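Residue numbers (this note's numbering), protein chains in the order written: chain F, 1 to 446; chain G, 1 to 446; chain W, 1 to 446. For every residue, glycine included, the Cβ atom is placed at its ideal position computed from N, Cα and C. On a predicted model such as this, the values are computed, not experimentally measured, just so you know.
Quick look at the structure:
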């Protein structure tokens, strides 16, 4: 695969425990306007809303908070999409109370009206000769629907990259399922969970045999049997491939390979014929993020039963507090801890459901975990490499104005994979074709 | 009318958008002890409690927070009224737990007892010869009942002005209705809503034809038809008259004239034969205020049906969370947003009820709105003039010790009015008698 | 009694109102790591958990917050007790989600396992030759069960004192009852309530004749009749005896003597044949504490009816929000204020139950009361002397490294007492034997 090259892999370095100072931790975790990581995030398209949230023309506007900015999203009478400052330019009233009608969103206080570009197009109380509205414009961002997701680009319009081409956006609707849930911690510790393939043998071990979207694959036995995965991390043009190998029979390794694309896209390696799972981790503010979760198949439609399992909160999805995207099991109710299930091994941590197993632990680290107190291990190599790559990209952007990796949609066309390989073969050499998106073909999966 | 003079009215100035710096915004919005605006507020009598809150001698004491001070109000055995520091001088226990009995409020911790002046009159554990209680006095303020309201004066006793003479206090009980509700934002943005006559044509437009206390007046049609009111603001001795004119037939203007009295009394211009509405906006702390709402009639009793409508939360009143003065529709439940009613036009913003339409938008600006980001228009002239007058009064008080306007009860005797006038006549010349309180006569109302 | 000596007793000094500056108040109230009072607290054993909270081997781990440290307590397979940092050394996940099994607590994220000393004993993902776990150890503290309580020592292991010998720990289980409740204020103002014998004549007066664990004692009538107790405070080796005398017939005084042991143990003087009550006041953080409440008898078992009363929340105990140690009557519901009961005298402050009468008033002072605004009286002598003793101990510890009083378990062997004495006799001379723990004998009680 072009651009795929081996990453520096000196295990001594990792054992040196590269703890993050408070300054470095702040740098990686803060994404508000004007922050270095905020600038980096604003180079990319990010998922902002599920298609269901703006179902049709003139539907109710929706409050969106992303990267510590408070925005309002709406779909106008002509189906154009708008994403702009939540507050009216006049006196600062929330446009969530606005009337979405006749080609724009009208503030309900004095009737000022804005189109999807944020341009004020009517100030009813103003004498026409003043024509004030021409001079009034709310900060607005691009919002585009693709693949069941409304994507936002919050950066410099002059540098807007082409639309994303993650495979989840390009498959047929019949092949995919999307959800999102509120996660009450910083985006980075959530994302780091997504590239941490080693915790599956513990935290999710009880689910490998019971979850309808995980159970029954041949590879599961290696996950359970070998709790000492060895990590091999290689660069790809948009991020990293994080390979974790476990011992298998016949002088083979069972490889699970997780792609990470800058800054916050991850994909779980597949299991048997199950759909493939993945995530986007999108900052709301510095202490909360949206965990976007998806499933898709490479070469067939999702079955009715798979779709029902997803809607029921199995796999990487969850049940909600009705009428919200807040998980039903959450911090306020101790995630519905079930000590019986913990004792019996049905749920390793006592928390039911793979999604909330991850979220509960990640939130227990605190809203922003203190990375000066960690004790990283060789199995955290993916995490260390991703941080390093983020640092480098942030520094290059700040100091040289160099655009970060992952903007070219070609770099999005990656896949996760699980494969059995002879022990003497490097996965990055052998598995290249499996790690490339390949419309209409199934994933490489054991 | 004596003292009524035209205010500077250079529209160019207003277009210059006199944004408030953070310092000026702080000055106008902070009313705690020792702040300049706090000093100004402490020159006046303010409504502190509804008569129903202290129904009789030795009734339960009531916690009162005003101007960022925590106070306790009580009515003693002899019906004397007390308003003093909430906390016992001994160890700081809240006197809300106190026993109101035998001529004073007794702390329930060690039995220290205070009379309505804050004077400690008993320290039971103290040997009589020590006579400690003589030296112990809680800070206390004047509290006086007038017109169904307990009025508080929290300033220098030597400068206590005569009791207020707002017409609402001087009419018979049969002619008035009073309510109050918690509003979760600074007093100033709430008050500014009260002198903003231009939003009626939008926010409340759905109610002009349906609210039993608004509908059916001849003037309503001008409110709906002409959404470009022109403002003429004139000084009055206690504040301002804010006149908003709309086009009417026969070379006439439909004038709606709103009096504002320093610092936080406003009155809505009347409609047909309906009772007249008005408000006091009283700071609790810098992020919350009490919105006092009243209705009264100039020359007749309120009807049973009017009174029932008010109790049901129509007009400027609202429904409550039972047992509280917290609106039932509030921030925690998105004000019971009804998108169907918004779509149909029944409720312009989707929020039901005039009171909560105002409160929801004012609260959506944030607890203290940032006036450095506004974009004021000629229709905001009343707001600009009121701020200017507040600035001037605060500055004069701080720098020269000059008492502010509006202390003389004669200045309270104003009325709102709605009138049709020939286009070539200035309302301040023609409508003078209508803007003066006139016991026993109906309001000038179209 | 050895070491018992009269404390300086110059009443003029107390009248001088020794107000605490903010600095001194901070010094006494802050107990987090590295604070002077935190250092003092860390010299002692403190109650951390009720025995019921860790009922058996491999039971669920329990979160413990004490002295502003977040800890996890567990009982391992061999019944050994652990109390250590709540968060895994690896990535900071809470060990509350951990699996308590096979001789240790295993983090559910990656399976790291700790024994009761905090020593990491397994890092499953780690190659055995690395043997990383030897170098990994969580900060851990001694946790020991004695007398139905798990006691924690959070100080320097080299200076760990012998286990406590408070009489409550040494009586048979049949003779004692223990409870704890969350109190939403700083430990010091809660503890000061515990040594304030004078408020009983007021706050709890309604309960002296009705509470099944208080009513009917001969001494109650003196509590009611003489509301001017005179305080005599004497040193004891571990703290103070705070004697409060009230007038009785026949030239006698009714003495109620409250022991306070450094830093936060207090015992209520007994009434008739009722069990004796006492408290520990243990900081959670600077704005909350655990109020530990106990009852025990010197020479007999508790009766079934006494135990039921305690379980029902009578005496110094309370009813809970189900499944928690949070009082059912609490700040969020105004402690279920009952103004009728206040009026009738059934509940002096309107709050039901002795425990919540105290807690409600102490919490009403604010999370940390401002002692620069107090007005102390001779009846507050116990409080003044205790503060003085705490200051002295903190200063000696900080400046000279001198260990504070109350570490020697012999000093724990105190009792409260209520006695009738001739007026010309000093209680510290006459009552010495009554103030000493005396297994198998009843308390001196009137």
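Enumerate in chain order the residues of its own chain whose CB-to-CB distance from residue i is below 6 Å, with the five nearest sequence positions on each side excluded.
i	result
residue 297 of chain G	175 and 275
residue 140 of chain W	84, 117 and 118
residue 80 of chain W	116
residue 6 of chain W	Unreliable positioning characterises residue 6 of chain W in this predicted model, as indicated by a pLDDT of 44, which lies under 50. The coordinate reading is nonetheless provided below. 234, listed in sequence order.
residue 191 of chain G	264 and 281
residue 371 of chain F	20 and 25
residue 261 of chain F	238, 239 and 406
residue 358 of chain G	193
residue 412 of chain F	164, 165 and 166
residue 442 of chain F	298 and 299
residue 335 of chain G	329, 351, 356 and 360
residue 9 of chain G	Interpretation of residue 9 of chain G is limited by its pLDDT of 42, a score under 50 that renders its predicted location unreliable; no figure is taken from the coordinates.
residue 201 of chain F	223 and 227
Count the other C-beta atoms from every protein chain shown that fall within 10 angstroms of the C-beta of residue i, then say buried if there are 16 or more, exposed otherwise.
i	result
residue 73 of chain W	buried
residue 330 of chain W	buried
residue 224 of chain G	exposed
residue 167 of chain W	buried
residue 380 of chain F	buried
residue 13 of chain F	Note on residue 13 of chain F: pLDDT 40, under 50, position unreliable in the model; no value is reported.
residue 179 of chain G	buried
residue 423 of chain G	exposed
Which residues in the same chain as residue i place their Cβ atom closer than 8 Å to its Cβ, once the five residues preceding and following it in sequence are excluded?
i	result
residue 65 of chain F	71, 284 and 285
residue 59 of chain F	74, 75 and 100
residue 301 of chain W	172, 174 and 175
residue 57 of chain G	75, 76, 77, 78 and 79
In the DSSP assignment, the alpha helix (DSSP H) including residue i goes from what residue to what residue?
i	result
residue 41 of chain F	36-41
residue 258 of chain W	Note, residue 258 of chain W: premise wrong, no alpha helix (DSSP H); beta strand (DSSP E) at 252-261.
residue 427 of chain G	427-430
residue 339 of chain F	339-344
What is the DSSP secondary structure of residue i, reduced to helix, strand or coil?
i	result
residue 129 of chain F	coil
residue 117 of chain W	coil
residue 361 of chain W	helix
residue 235 of chain W	strand
residue 385 of chain W	helix
residue 135 of chain W	helix
residue 390 of chain F	helix
residue 447 of chain W	A query on residue 447 of chain W cannot be resolved here, the shown segment of chain W reaching from 1 to 446 and no further.
residue 247 of chain G	strand
residue 222 of chain G	helix
residue 6 of chain W	Any answer about residue 6 of chain W is weak, because its pLDDT of 44 lies below 50 and its placement is not dependable; what the coordinates show is given next. Looking at residue 6 of chain W - three-state DSSP - the assignment turns out to be strand.
residue 14 of chain F	With a pLDDT of only 37 at residue 14 of chain F, under the threshold of 50, the placement of this residue in the model should not be trusted, and no figure is reported.
Considering only residues of the same chain and omitting the five flanking positions on each side of residue i, which have a CB-CB separation below 7 Å?
i	result
residue 434 of chain W	415, 417, 419 and 444
residue 170 of chain G	147 and 439
residue 477 of chain W	Residue 477 of chain W falls outside the range modelled here, since chain W spans only 1 to 446, and no answer is possible.
residue 347 of chain F	206, 338 and 341
residue 309 of chain G	212, 213 and 315
List the endpoints of the continuous beta strand (DSSP E) containing residue i.
i	result
residue 276 of chain F	276-285
residue 304 of chain G	Where residue 304 of chain G is concerned, there is no enclosing beta strand (DSSP E), although the alpha helix (DSSP H) it sits in stretches over 304-311.
residue 100 of chain G	99-101
message: In chain order, what are the residue ranges of uninterrupted alpha helix (DSSP H) at least 4 long that sit wholly in the region 49-75 of chain W?
response: Unbroken alpha helix (DSSP H) stretches of 4 residues or longer found wholly inside the region 49-75 of chain W: none.
query: Can you list, in chain order, the stretches of the beta strand (DSSP E) that have 3 or more residues and sit fully within the region 143-215 of chain G?
result: For the beta strand (DSSP E) assignment, the uninterrupted runs of no fewer than 3 residues enclosed by the region 143-215 of chain G are, from N- to C-terminal side, 149-153 and 176-183.
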